[in-house]
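Residue numbers (the working numbering): 137 to 276.
The beta carbon of each residue, even a glycine, is placed where N, CA and C say it ideally should be.
Beneath this line is the structure, given in structure tokens, with notes to follow.
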Amino acid sequence: MILIIAITASFTWLALSLSTGQLSTITIPLDVSVDSVIGINTDTDALHFGKIPPGQRGERSFALDQDYPFAVAISIIPEGSIGPWTNISSSTVLLWPHQPQNVTITVRVPGDIPPGNYTGILRITTYRPLIFPFLSREQG
137 MILIIAITAS
147 FTWLALSLST
157 GQLSTITIPL
167 DVSVDSVIGI
177 NTDTDALHFG
187 KIPPGQRGER
197 SFALDQDYPF
207 AVAISIIPEG
217 SIGPWTNISS
227 STVLLWPHQP
237 QNVTITVRVP
247 GDIPPGNYTG
257 ILRITTYRPL
267 IFPFLSREQG
């Protein structure tokens with residue numbers, strides 16, 4: 137199982153490394169309120185993690201999908217004050233047309249962080265991999 141994960145991760149990294157160019161970049165705001173109580177924020181205009189006590193974590197999930205007529209490589213990078221607290225289930229993804237993949241973002245608030253509002257962004261960049269430029273929607 138570990139070998140399969142390692143091969144998949146290496147293959148995705150290779151696809152990103154051998155790209156023919158960037159297709160697009162989007163940014164999604166991230167925020168968390170560090171407080172002594174837990175609070176839930178279900179707004180959909182950003183990835184809100186609500187209120188999380190120090191030393192605890194929160195998770196949000198979303199699906200990635202694309203409709204280019206070829207596979208794309210996707211890079212997901214957290215930035216900002218909560219970037220170092222952020223773990224992404226799949227930070228690089230090879231995504232085929234109309235085959236969504238779920239991604240889970242976990243924010244783990246350090247135990248020594250004072251109460252307050254902390255923000256960041258999730259930078260999602262798509263690339264056309266050089267490895268698969270010949271694969272079309274009909275073939276993939």
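> For the beta strand (DSSP E) that SER211 lies in, which residues bound it at each end?
Replying inline: 208-216
> Just checking, does the segment 161-179 make contact with the segment 247-265 on the three C-beta pairs under 8 Å criterion?
Replying inline: Flag = yes, the segment 161-179 and the segment 247-265 touch.
> Skipping 5 residues on each side, what residues in its chain have a beta carbon closer than 7 Å to that of GLY247?
Replying inline: PRO190 and GLY191
> Among SER172, GLN158 and GLY219, which has the Cα closest to the Cα of PRO250?
Replying inline: SER172
> Does DSSP put PRO165 in a helix, in a strand, or in coil?
Replying inline: PRO165: strand per DSSP, three-state reduction.
> Where does GLY219 sit, in a helix, a strand or coil, going by DSSP?
Replying inline: helix
>> At the level of alpha carbons, what is the spacing between ILE241 and THR178?
In response: 15 Å
> Rounded to the nearest angstrom, how far is the Cβ of ILE213 from that of ARG259, given a contact under 8 Å?
Replying inline: Yes, ILE213 and ARG259 are in contact; Cβ-Cβ is about 5 Å, under 8 Å.
>> Going by C-alpha to C-alpha distance, which of ILE176, SER160, ILE174 and LEU183 sits closest to ILE218?
In response: LEU183
>> Between which residues of its own chain and THR262 is the CB-CB distance below 6 Å, once the five residues before and five after are set aside?
In response: LEU159, SER160, VAL208 and ILE210
> From what residue to what residue does the beta strand (DSSP E) around THR180 run?
Replying inline: Where THR180 is concerned, there is no enclosing beta strand (DSSP E), given that its DSSP letter is neither H nor E.
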